[in-house]
Every structure is written in structure tokens, then in C-alpha cells.
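For the numbering used here, add 1 to where a residue sits in the sequence shown, where the first one is 1.
Just so you know, even glycine gets a beta-carbon here, dropped at the ideal spot from N, CA and C.
Please read these numbers as outputs of a predicted model, since none were measured by experiment.
Each remark here refers to the structure printed beneath this line.
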Amino acid sequence: MRKLVGSVAVVLLGAGAVYGMGSSVGWPPWREAAAATRYMTAPVERGDVVQTVSTTGTLNAFVTVEVGTQLSGQVARLFVDFNTNVKAGQALAQLDRKSFEARLAESKASTAVAEAAVKIQRSRLERARIDLRNAEAQRAVLMARLDNARAQSEVTANTFERSTSLQKMGNTSKSQTELARAARDSAAAEMREAEEIVAAHELVVAGAAVDLERSQAELDSALETVRQREAIEDSMEIDLERTTIRSPIDGTVVGRNVSEGQTVAASLEAPVLFTIAGDLQRMDIYARVDESDIGKIRVGQAAQFSVDAYPDRRFSAMVRDIRKAPQVTQNVVTYTVVLGTTNPGALLLPGMTATVHVVTSQARDVLRIPMTALRFAPSVADGSKELSPGNGNNGVQTTVWTLDGTRIAVPVSVVLGDDDGSYAALVVGDLKEGDQIVVGEAEEAARDRLFGFRLGF
2 MRKLVGSVAV VLLGAGAVYG MGSSVGWPPW REAAAATRYM TAPVERGDVV
52 QTVSTTGTLN AFVTVEVGTQ LSGQVARLFV DFNTNVKAGQ ALAQLDRKSF
102 EARLAESKAS TAVAEAAVKI QRSRLERARI DLRNAEAQRA VLMARLDNAR
152 AQSEVTANTF ERSTSLQKMG NTSKSQTELA RAARDSAAAE MREAEEIVAA
202 HELVVAGAAV DLERSQAELD SALETVRQRE AIEDSMEIDL ERTTIRSPID
252 GTVVGRNVSE GQTVAASLEA PVLFTIAGDL QRMDIYARVD ESDIGKIRVG
302 QAAQFSVDAY PDRRFSAMVR DIRKAPQVTQ NVVTYTVVLG TTNPGALLLP
352 GMTATVHVVT SQARDVLRIP MTALRFAPSV ADGSKELSPG NGNNGVQTTV
402 WTLDGTRIAV PVSVVLGDDD GSYAALVVGD LKEGDQIVVG EAEEAARDRL
452 FGFRLGF
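Structure, rendered in C-alpha cells:
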């Protein structure tokens, strides 16, 4: 215990001696600490300050088409494989054609039967027209006979009346009058008979007209049947053509989901057999940007990105579209940003992960200071740090430190603009290019202090 008390006393006496020596030369803690400190500095320089939004995305072909089939059947042949370059209309695969050819032949036979039925109905229609013309001609003959009977009836009636008048005057005999009566009655009967015959024949004419209409309707029905059979035949020909699966675009086969001999079934949704990427010289990046950064993104902004396959190479891109539909994953909201890029040398492949940096603002050839200078505050005599008022971004005033001729840190008020994480643009401040500003204290300064006092004499 006595040894411990003695050690403490020695330390206190030593500290008092140091303090007394400092007091004898005039001790101001701030200037003493500043004079005893060695600083690390960096120059105010001219350069670019570029703000970016960083994210990741996936490379995709500018145009990607999934090729399927509308038919069910067995794959007879494959004409392409992975990485095959194809042209629009080029055959990719062939389904077995036998069943489709048989259906087409059956459809053609049905069409031929329907066409034969049309010929039969045409002949029936022509026969019905002839029957109607005959009935109308016969009606004309009967009408003529009726007219003749009416004329005879009128003549005999007049003769009877005249004979009756003559008999009353005594100029003719009763027998002559009776003969005239009989002739009148006979003519009247013949007229009535002719009228009945004409009336009955009108029904024949009407029946012939109905037969003609029915024949015309049957012909129309037969013609519609032919058109229906032809439509089915056309559909069968289309199905037969569809057994050859063709590429809809120029591009490269990047996916193949079928093999020869495999049976494909097309039901409500066509099965995807091939995936074809369009011109791989143009590609898109689908990047997800956090909701806190999406307000900074604009169509037309430039960007750079890298991929793991070429970590030392940077590729250029441009924002092409900003999708408004949110993507929510575990309560994190992001938005899809589509960036367009070129693919020189076909180095980039669909599906690669891209680390993207979108340039949201940039200041060219401006005075800039290191961000580390904003985090520096000089030590005072007690070893604490002088407070610095803010980081100065977005027009807020802050303080950086320079060294005077005696290597003492001197505060300088500045206003800064945008920063890129490493440098901040100098907007207002009494600094010029090449001025040295303090970014930290040398490590030796911290080791030369004890309880806030500089060691050594």
C-alpha cells in the first residue's frame, strides 16, 4: 500500500512540474495543443463531383420471344439447338404430320361430297323451275278455255232471251225457245266447270312455286355446307402448316425445352418449346431501385455497370424506362428501372447480374475538398475534439481547417454543394486550388500526450 501511494505521489508531482513549466512560458491550452499536434493534409483540387445511385440488376435481351405450339403431337425432328442463330420464318422443329395429313384428306373428301350435293340441288332447282313454267303455261290454256266458256255462256244467254221475246210475239215456236234454254244452261255449266278447273290449277301453280323455293333453299344450304367444309379444310391446312414450328424473329436460341420423340400437349396454354433472344448487340438491364432513391432517377440519365465475368471492365448504359408498378419484398419497396446498353463483342449474356451506378447529378471541373476534411475537428488541450457545425452539404455552412505559417490549425467557413462520397464541391469559401486542408492528426500526436498534456520539454 505504501508503494502504491508513493507511485501516485510521484505521478502527481511530475504532472505538477509539467504544468508549472507550461505556466512559466504562458500556457493557453488551445494553442499549446495545436502547436504540439502534427496534421495530415490534403489539397483543394479541381475535378468532377458525380452523384450516383447504386443498385443491382439483371441483363436481358432487348427482345425475347417464347416460341410454343398450338398443337398437340410428337416432335419428329429438331432443326436447332442452343445458341443457334435463326432468321424469321426459319423452321425450328417438326411435329409428326401423319395424323394431320389424314384429317386434311378426310376434310377434302367431305368438301367433295358437299360440292356433289350442290350439283344435285342445282338440277333439282332447275327441274322445279321447269315444273313451275309448265304449270303456269297450263294455267294460261285453262284461262283461255274459261274465257271461251264465258263467251259461249253469254251468247247462249242472249239467244235464250231473244228467243223468249220472239215467242211472246208469236214469231217463234216454243220448241226453239226450249232449245235456246238448253244451250244457255249447257254453256253456263261448261263455264262453271272451266272456273273450277282454273281454280284447281292455281293450286298446282302454287305448289310448283313452293317446290322452287324449297329447291332454292336446299341449294343455298348445300352451298353453305360447301363453305363450311372449305373452312374446315382451310383450318386443317393451317394445322398441317403449324406442325412446322418456325421462328417469329431474327435472333439466337437461348432456350430449348423439347427433344426429338417428346410428346407435347397444347391445352389452355401453349407449351414453351424455345426461347429466342433478339439482336444481342442491344440489351436491357432490369434494375430494382429503392423507393428512397427512385425520385432521383430520370429517363435519359447515363449509367455505368460492371458484371462479375469482367470485374475490371466498365460498360455504359442509359435509363430507358421507369416502371411505376412497385415490387414489395419483405416490406421493402422497390421500382424496376430499365436501362439500355450495347453489347460490343457479345461479352454480355442474358441473365448476368450487373452492378449499376446511375449518374443522378454531376459537377464538372469544380473545386472540391475531401469528405474526410468534414469529419475532422482539432484536439484541445484536454484531449477532446472541437465541434464542427454540420457537414455543409446542400448549401449549409460548415467549417474546415487549414494550417497557418506556424502549422497551427485555422478554421475556414465554407458552403459545399453535392458530394460523391469521396469529394464535395466547394460553393463558397476562402479557399483556392492547391490550398492544404486538414484531414486528420498524425498518429504520433496521440501517443505524445498523457492526461491531455503534451509529454516532453
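Quiz item: Roughly how many angstroms separate the alpha carbons of M372 and V54, rounded to a whole number?
Solution: For the pair M372 and V54, the Cα-to-Cα distance works out to about 18 Å.
Quiz item: Among residues of its own chain, excluding the 5 on either side of Y287, which ones have a beta-carbon nearer than 7 Å to its beta-carbon?
Solution: G58, T59, N61, T337, V339
Quiz item: Which residue from T42, I246, I370 puts its Cα closest to that of G48?
Solution: I370
Quiz item: Around the C-beta of A410, are 16 or more other C-beta atoms found within 10 angstroms, so that it is buried, or is it exposed?
Solution: buried
Quiz item: Any chance the stretch 209-221 sits against the stretch 123-139, with 3 or more Cβ pairs inside 8 Å?
Solution: yes
Quiz item: Does the pairing of the stretch 93-108 with the stretch 68-83 give three or more beta-carbon distances under 8 Å?
Solution: With the rule of 3 Cβ pairs closer than 8 Å, the stretch 93-108 counts as touching the stretch 68-83.
Self-check item: Straight-line gap, A382 to Y40 (C-alpha atoms, nearest Å)
Solution: A caution first: A382 carries a pLDDT of 46, below 50, which makes its placement in the model unreliable, though a value can still be read off. So the alpha carbons of these two residues sit roughly 15 Å apart.
Quiz item: Can you tell me the Cα-Cα spacing of A89 and L269, whole angstroms?
Solution: 26 Å
Quiz item: Quick one: what's E203 bridged to in DSSP?
Solution: In DSSP, E203 forms no bridge with anything.
Quiz item: Does the stretch 193-207 come within contact of the stretch 222-237, defined as at least 3 CB pairs closer than 8 Å?
Solution: No, they do not touch.
Quiz item: Based on the DSSP output, what are the partners of L348 in its beta bridges?
Solution: Paired residue(s): none; L348 is not in a bridge.
Practice problem: Helix, strand or coil for A288, going by three-state DSSP, please let me know. | Solution: strand
Quiz prompt | Whole runs of the beta strand (DSSP E) within the stretch 203-283, excluding any shorter than 3 residues | solution = 245-247, 252-257, 273-278
Quiz item: Which ranges would you report for the beta strand (DSSP E) in the stretch 91-124 if only whole runs of at least 3 residues count?
Solution: 92-96
Quiz item: So, is A145 buried or exposed, given that buried needs 16 or more other C-beta atoms within 10 angstroms?
Solution: exposed
Practice problem: In the DSSP assignment, find the beta strand (DSSP E) that holds I438 and state where it starts and stops. | Solution: First-last of the beta strand (DSSP E) with I438: 437-442.
Quiz prompt | Nonlocal neighbours in the same chain, by C-beta distance under 7 Å from E434, ignoring five residues either side | solution = Excluding residues within five positions, the ones whose Cβ falls inside 7 Å are V45, E46, R47, L368.
Quiz prompt | Euclidean distance between Cα positions of F161 and Q153 | solution = 12 Å
Self-check item: Same chain only: Cβ atoms within 8 Å of G441, ignoring 5 sequence neighbours per side
Solution: Y40, M41, T373, F377
Practice problem: For M319, write down the residues that DSSP places opposite it in a beta bridge. | Solution: Answer is A303, G341.
Quiz item: Relative to the alpha-carbon of V300, which residue among V357, V290, R321 has its alpha-carbon at the smallest distance?
Solution: It is R321.
Quiz item: On the premise that A201 lies in contact with T496, defined as a C-beta separation below 8 Å, what is that separation, rounded to the nearest angstrom?
Solution: The requested residue 496 is not part of the displayed model; the chain covers only 2 to 458.
Self-check item: For D419, the first and last residue of its enclosing beta strand (DSSP E)
Solution: 410-420
Practice problem: Check the DSSP bridge columns for P312 and list the partner residues they point to. | Solution: BP columns for P312 are empty, so no partner.
Practice problem: Determine the DSSP secondary structure at R178, reduced to helix, strand or coil. | Solution: The identity of residue 178 in the sequence shown is Thr, whereas the question assumes Arg. Helix.
Practice problem: May I ask you to verify whether the stretch 274-284 touches the stretch 294-310, counting CB pairs closer than 8 Å and requiring at least 3? | Solution: At 8 Å Cβ cutoff, the stretches do not touch.
Quiz item: To which residues does DSSP link S362 through a beta bridge?
Solution: Q52
Quiz prompt | Bounding residues of the beta strand (DSSP E) (the contiguous stretch that carries F331) | solution = Phe is not the amino acid found at residue 331; the sequence shown has Gln there. Counting along the chain, Q331 falls outside any beta strand (DSSP E), and DSSP gives it neither H nor E.
Self-check item: According to DSSP, residues forming a beta bridge with T42
Solution: V439
Quiz item: Buried or exposed: which applies to M284, given that a residue is buried once 16 or more other Cβ atoms fall within 10 Å of its Cβ?
Solution: buried
Exercise. Could you tell me whether the Cβ atoms of T264 and R98 are closer together than 7 Å?
Key: no
Quiz prompt | G293, DSSP secondary structure in three states | solution = Looking at the sequence provided, one finds Ser at residue 293 rather than Gly. In this structure, DSSP gives S293 a state outside helix and strand, which the three-state scheme calls coil.
Exercise. Report the rounded CA-to-CA distance for T173 versus L180, giving the unit in angstroms.
Key: 12 Å
Quiz item: Given that a residue counts as buried once 16 or more other Cβ atoms are within 10 Å of its Cβ, and exposed if not, what is T379?
Solution: Looking at the sequence itself, residue 379 is Pro, so the reference to Thr does not match. The residue in question, P379, is buried, as its Cβ has 16 or more Cβ neighbours within 10 Å.
Practice problem: Going by CA-CA distance only, name the one from M319, R324, S317 that's closest to V290. | Solution: R324
Quiz item: If you compare alpha carbons, which of A150, A136, M237 is closest to A210?
Solution: A136
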